[in-house]
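The opening position of the sequence shown corresponds to residue 1 in full-length UniProt numbering, with each subsequent residue numbered one higher.
Beta carbons: idealized from backbone N, C-alpha and C, even for Gly.
Please read these numbers as outputs of a predicted model, since none were measured by experiment.
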Amino acid sequence: MAKKLLKDDGIIFVSIDDNEQAYLKVLMDEIFGEENFVANLIWIKKNSPSGNTTKQNSIDVYSEYVLLYCKNINKCDFNYKIYTGEERKDFKYKDEFFEERGYYKRVELFHSASSQNFQYIESLDYEIEAPDGTKFIDYRNVLNPKTGRYTWGFESFQKGKELGFIEIKEEIDKKSGTKYWKVYRKHYEKISFNPKARNNNELIKFRLAGIRFGNIIEVIIEEDVKDENNQSKKVEQKPKTKQLKTRSVITSLGKKDLVSILGDKNLFPYPKPVELIKFLINLHPNKDAKILDFFAGSGTTGQAVLDLNHKDGGNRSYVLVTNNENQIGENITFERLYRINFGQKSPKNLDKNREIDWTKDNKPFKSNLNTYKISYYDVSVFENDKVLAELFEKFKKMLINFNVNSKKSIFNNETEIIQALKSLKPQLN
């Protein structure tokens with residue numbers, strides 16, 4: 001069902017621990033296809049040992065995992081970390097495209113073939129025409145054949161040169177004084193060149209310079225500090241290591257967030273941190289995305305969507321599904337979302353004081369919050385056609401709400417619809 005509901009450029013995350021990760025990976029490969037697997041994200045959920053540290057027959061596990069798949073890997077796109085501050089210092093060169101593309105930095109097109117991951121390929125060791133009309137191959141391959149090769153194929157090089165993404169410079173060997181030509185690709189601040197483009201429309205893309213996210217989940221930690229006027233402001237912490245930055249956020253915020261909203265640390269034992277879910281959602285560039293959480297738990301996903309929209313001006317929406325076991329949906333999921341939207345406890349709370357600690361540091365989101373109870377239809381063979389027709393119409397309307405084109409149905413026939421809906425409530429023999 002999840003796969004059918006996803007748009008072609010949609011993605012799915014599944015959180016899992018060591019006990020089931022291997023089995024889940026096989027299952028997801030079967031459903032979504034190995035070719036659509038993106039990454040096994042590592043969530044470092046604590047930064048200190050637990051339990052009896054003198055125990056010798058085990059290893060303390062600090063992490064869990066989040067499997068990431070695309071509906072169609074060829075149509076997927078991901079956000080990335082945009083260069084800031086010190087990372088931008090190398091963008092110091094200007095050319096005739098400055099107004100459109102900004103500054104650029106030089107990146108060698110030649111790459112050493114010293115490791116198995118980057119082997120020498122003869123077709124990528126081609127001749128290039130220099131500005132003076134002579135032709136050359138990289139001087140390192142002249143001195144020592146098969147030392148390395150170019151990272152772009154010749155056709156991509158030609159197209160990149162034609163569009164102004166290539167710079168060929170004459171340089172001098174400091175030891176011998178010999179002159180040689182070196183090829184650079186221009187890495188611009190605002191525009192990127194795609195050497196793997198399938199057509200001319202995909203060659204150039206507006207994209208601020210940056211670097212891809214890694215598979216270890218990292219988020220920026222901010223803390224409140226006072227300025228010279230005693231005003232509170234958010235400042236990024238400067239941890240000693242990246243790992244420390246990752247762990248301290250992931251472990252501390254989950255329960256802290258929930259307690260500040262609900263006021264009871266025992267209501268829900270292990271809530272996911274809001275920053276974790278925000279990181280995952282933000283991997284997808286669509287700020288108008290619909291986020292569906294099949295196992296809502298404490299409602300972290302809803303808060304993460306609202307928080308991210310507030311931060312980047314997005315218009316994402318969410319649907320949270322819960323079986324309401326032990327009234328978790330009513331007493332925790334709904335109550336949490338009501339409080340962060342309206343800044344107070346819901347009317348069902350009989351407390352005279354409806355204030356919550358969360359509003360001391362946050363403003364209510366004031367977004368729409370609708371709840372629906374699931375009803376079941378009898379779809380046995382003895383049921384009449386009128387009930388089935390009513391069910392099909394309601395189901396089609398729900399698909400439209402998820403921007404699923406009803407004219408291009410994700411189901412081949414009504415039998416498939418019945419089977420999909422019945423799978424949501426397993427039948428007992």
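For this session: In angstroms with no decimal places, state the Cα-to-Cα distance between Asn324 and Leu208.
Result: 44 Å
For this session: Quick one: measure Cβ to Cβ for Asp288 and Tyr318, integer angstroms, because I've assumed they're closer than 8 Å.
Result: About 12 Å separates the two Cβ atoms, so there is no contact after all.
For this session: Output the distance between the C-alpha atoms of Arg339 and Lys105, rounded to the nearest integer angstrom.
Result: 48 Å
Exercise. Relative to the alpha-carbon of Gly302, which residue among Lys255, Lys256, Gly313 and Ser367 has its alpha-carbon at the smallest distance?
Worked result: Checked all of Lys255, Lys256, Gly313 and Ser367; the closest Cα to Gly302 is Ser367.
For this session: Report the option in Asp77, Ile216 and Asn194 whose CA atom is closest to the CA atom of Ile42.
Result: Ile216
Exercise. For His187, does the count of other Cβ atoms within 10 angstroms reach 16, so buried, or fall short, so exposed?
Worked result: buried
Exercise. Less than 7 Å separating the beta-carbons of Val274 and Ala304?
Worked result: yes
For this session: Would you kindly work out how many angstroms separate the C-alpha atoms of Glu34 and Met28, rounded to a whole number?
Result: 8 Å
For this session: Rank Ala296, Thr333 and Glu155 by C-alpha distance to the C-alpha of Asn194 and give the top, closest one.
Result: Glu155
Exercise. For Gly10, does the count of other Cβ atoms within 10 angstroms reach 16, so buried, or fall short, so exposed?
Worked result: buried
For this session: Take Asp90 and list the residues in its own chain whose beta-carbon comes closer than 6 Å to its own, dropping the five residues that flank it on each side.
Result: Lys105
Exercise. Cα-Cα, which of Gln158, Lys45, Asn266 and Phe37 is closest to Leu276?
Worked result: Lys45
Exercise. Near Glu296, what residues of its chain come up, given a Cβ to Cβ distance below 8 Å and the 5 sequence neighbours on each side ignored?
Worked result: Before going further, note that residue 296 is Ala rather than Glu in the sequence given. The residues are Gly302, Leu320, Val321, Thr322, Gly329 and Thr333.
Exercise. Which residue spans inside the segment 268-319 form an unbroken alpha helix (DSSP H) run of at least 4?
Worked result: 274-282 and 300-312
For this session: Starting from the N-terminal side, write out each stretch of the alpha helix (DSSP H) that is 4 residues or longer and does not extend beyond the segment 44-127.
Result: 98-101
Problem set entry | At least 3 beta-carbon pairs within less than 8 Å: the segment 16-25 vs the segment 63-81 | yes
Problem set entry | N- and C-terminal bounds of the alpha helix (DSSP H) containing Tyr150 | Run containing Tyr150: none in the alpha helix (DSSP H); it sits in the beta strand (DSSP E), Gly148 to Tyr150.
For this session: State the DSSP-derived secondary structure class of Val235, mapped to helix, strand or coil.
Result: Low confidence applies to Val235: its pLDDT is 48, below 50, so where it sits in the model is not reliable, and the reading given next is rough at best. Shown here, Val235 sits in a strand according to DSSP, grouped into three states.
Exercise. Contact check, Lys71 vs Lys3 under 8 Å by CB: the rounded distance?
Worked result: 7 Å
For this session: Could you check which residue in Ile291, Gln21 and Phe110 has the C-alpha nearest to that of Tyr39?
Result: The sequence as given places Ala at residue 39; Tyr does not occur at that position. With distances taken between Cα atoms, Ala39 lies closest to Gln21.
Exercise. To the nearest angstrom, how far is it from the Cα of Glu170 to the Cα of Phe157?
Worked result: 18 Å
Problem set entry | Ser15, enclosing beta strand (DSSP E) - first and last residue | Ile11 to Ile16
Exercise. Taking the C-alpha atoms as reference points, what is the distance between Leu6 and Leu308?
Worked result: 21 Å
Problem set entry | Alpha-carbon spacing of Glu355 relative to Ser192, whole angstroms | 50 Å
Exercise. Under 7 Å, do Asn144 and Pro285 count as touching if we go by C-beta distance?
Worked result: Taking 7 Å as the Cβ cut-off, Asn144 and Pro285 do not qualify as a contacting pair.
For this session: Run the CB neighbour count on Glu335, radius 10 Å, all protein chains shown included, and call it buried at 16 or more, exposed below.
Result: A buried status is given to Glu335, since no fewer than 16 other beta-carbon atoms sit within 10 Å of its beta-carbon.
Exercise. Would DSSP call Ser192 helix, strand or coil?
Worked result: Strand, per DSSP.
For this session: Kindly confirm or deny that the segment 91-104 and the segment 124-139 touch, where touching means at least three C-beta pairs closer than 8 Å.
Result: no
Exercise. On the three-state DSSP scale, how would you describe Ile211?
Worked result: strand
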